[in-house]
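All remarks here apply to the structure that follows.
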Amino acid sequence: MKPLNTHTAIFLAGALMLVAGCAGATRPMYVESAHPGTLSASHHKLLELPAPQEPVVAAVYRFRDQTGQYKASDRIASWSTAVTQGATSILLKSLEDSGWFIPIERENISNLLNERNIIQQIRQQHAGNAPAQPLPPLLFAGVVLEGGIIGYDTNIMTGGAGARYLGIGASTNYRKDQVTIYLRAVSTQSGRILKTVHTTKSVISQQLDSGVFRFISQNRLLEAEAGFTYNEPVVMAVTEAIDEAVKMLIIEGIDDGLWLPQDQNEVETFKNNFAVARALELQQQRDYFGFTNRTNLRSGWHVHASMQYGSIIGNYANPDFNLGGGLQIERGFNNGYSLSLNADRNRISAPNAFSASVNAFDFTASHYFLYWSGITPYVSAGGGSFVFDTRFDGQDDFVFPYAAGEAGLDIRSRSNVGLRAGLNYRYLLVDGLDGVALGRFNDQHWSFRVSVTYRFRR
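Numbering-wise, the sequence shown is residues 9 to 466 according to our numbering.
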């Protein structure tokens, strides 16, 4: 391995120190003061709700964690719960902020009754022989709100990507968890369940890190790392799910005539502003992984214009890396599979040995694992041939058949344009691509390929 010169080593060290400094700046290096609690992303919807004709007195005895899950740990047994045990307090806050409910204390009703007895006894002692002034009666609830956190699913989706070359690289990982809330309103007069709603909120965790581990000379090792991790707070996910559930309970209750607004026009304006009808429509279309509208973005006819950078693996120790280009026509099917015709124009060369332009024609079959998603990994397999313009010294033929494979990531949008990046590998069925037919294995060609995709609408 060729050692790095002094200037290159200094440049690498300085770049990594800069990256490390930026990564360190993402976390606080000081003590933060207390501040009002963070509001959920759905909280503003509660504040924008139209006013009711009369608020409903509501009791919440216990809105609890029903999952029974403990926090996951790879090293030790953890007795910490996976989700908050204070969901009752969160629900009471949401009910109060909505303006549609008057929440009353029921979770610790024994404490309240005990305190009222103390007050009554003290009044009686100071009143002497006269009757003590009675306390005003407690409010009774028109509805009781029940339910709880009924699901917390971890590792719904995981993934990542990374690359490392000569000891220098970076990687990223992500994980998706999911929390589910059920909320129901029960009439205190009849015991009838008036309305039940449920909401789901994802919890995203992401990690990004980079590093270098390389000898810059025979006895000098350069090692540096930088990165950060982002974990969405589970308590905020629960809060947002509860806020959304309260909003849905109010809107669906209005539609069913359970409670009345001051102005029905304000309700319709609220629905339009926050796309309530669209949200209910997507609820019917959403699958278990949170995807909606699983339209196959990779069906039909596509054309890919690519640029590639690669080299051969043959009998020469240091072959050149060369740029090339190509064109691919693809026909996608509804099950995530596709067939493609590819044509490339490349150059293969080795210092002081040979240099030649070569064409590549192949036919491949591909599979997109998440064909409905905007981003998905894919794999391809097939075969074709290299065809040279002219034969150079040592070559026995113009045509060299090969088996081909490719793997990478495909990015598509709802529009007709996309991007694809992958690693392409070709194994020659006949040796001598570089003009030398020696060794146990035949010659090989690999390249990193980036393509711009255009999809023809059907």
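Think of the CB as a built atom: it goes at the ideal place given N, C-alpha and C, for glycine as much as any other residue.
Counting along the chain, residue 131 sits inside the alpha helix (DSSP H) bounded by residues 117 to 135. Taken in chain order, the whole beta strand (DSSP E) runs of length 3 or more contained in the region 377 to 419 are 383 to 396. By the neighbour-count definition (other C-beta atoms within 10 Å, threshold 16), residue 262 is a buried residue. Counting other Cβ atoms within 10 Å of its Cβ, residue 414 reaches 16 or more and is therefore classed as buried. Collapsing the DSSP output to three states places residue 40 in coil. The beta-carbon separation of residue 444 and residue 408, rounded to 13 Å, does not stay under the 8 Å limit for a contact. Taking residue 183 as the centre and dropping the five residues before and after it, the same chain places the C-beta of 163, 166 and 213 closer than 7 Å to its C-beta, in chain order.
In the structure shown, the three-state DSSP call for residue 286 is helix.
In the assembly as shown, residue 312 is a buried residue. Its beta-carbon has 16 or more other beta-carbons within 10 Å.
Taking a C-beta distance under 8 Å as the contact criterion, residue 348 and residue 384 do not qualify as a contact pair. Within the same chain, Cβ atoms closer than 8 Å to the Cβ of residue 269 are found at 58, 59, 60, 61, 262 and 275, the five residues on either side in sequence being excluded. Scanning 239, 220 and 225 for the CA closest to the CA of residue 232 turns up 220.
Within the DSSP secondary-structure output, residue 237 pairs in a beta bridge with 215. Assigned with DSSP and collapsed to three states, residue 274 falls in helix.
CA-to-CA, the gap between residue 436 and residue 369 works out to about 13 Å. Per DSSP, the beta bridge partners of residue 350 are 336 and 370. Closest option to residue 433, judged by alpha-carbon separation, among 421, 297, 418 and 410: 410.
If only uninterrupted beta strand (DSSP E) runs of at least 3 residues are considered, those enclosed by the region 421 to 462 are 425 to 436. The continuous beta strand (DSSP E) containing residue 188 extends over residues 176 to 195. Taking the Cα positions, residue 379 is about 28 Å away from residue 453. With a 10 Å radius around the Cβ and a threshold of 16 neighbouring Cβ atoms, residue 428 comes out buried. In the displayed model, residue 55 falls within a helix according to three-state DSSP. Here residue 168 carries a strand assignment [DSSP, helix/strand/coil]. At a Cβ-Cβ threshold of 8 Å, residue 151 and residue 218 do not count as neighbours. Beyond the five residues adjoining it in sequence on each side, residue 170 comes within less than 6 Å, by CB distance, of 179 in the same chain, given in chain order. In terms of CA proximity to residue 92, 246 leads the group 294, 246, 49 and 68. The residue among 386, 357, 320 and 330 with its C-alpha nearest the C-alpha of residue 449 is 320. In the same chain as residue 390, and ignoring 5 residues on each side of it, the C-beta atoms closer than 7 Å to its own belong to 370, 371, 372, 373 and 412, in chain order.
Spatial neighbours of residue 99 in its own chain (CB-CB distance under 8 Å, excluding positions within 5 residues in sequence) are listed in chain order as 68, 71, 153, 191, 250 and 254. Per DSSP, the unbroken beta strand (DSSP E) holding residue 113 starts and ends at 109 to 113. DSSP lists 362 as the beta-bridge partner residues of residue 358.
By the beta-carbon neighbour count (other beta carbons within 10 angstroms, threshold 16), residue 129 is exposed. According to DSSP, residue pairing for residue 154 in a beta bridge involves 192. Scanning 40, 109, 90 and 141 for the CA closest to the CA of residue 266 turns up 109.
The secondary-structure analysis by DSSP pairs residue 231 across a beta bridge with 221. The three-state secondary structure of residue 209, taken from DSSP, is strand.
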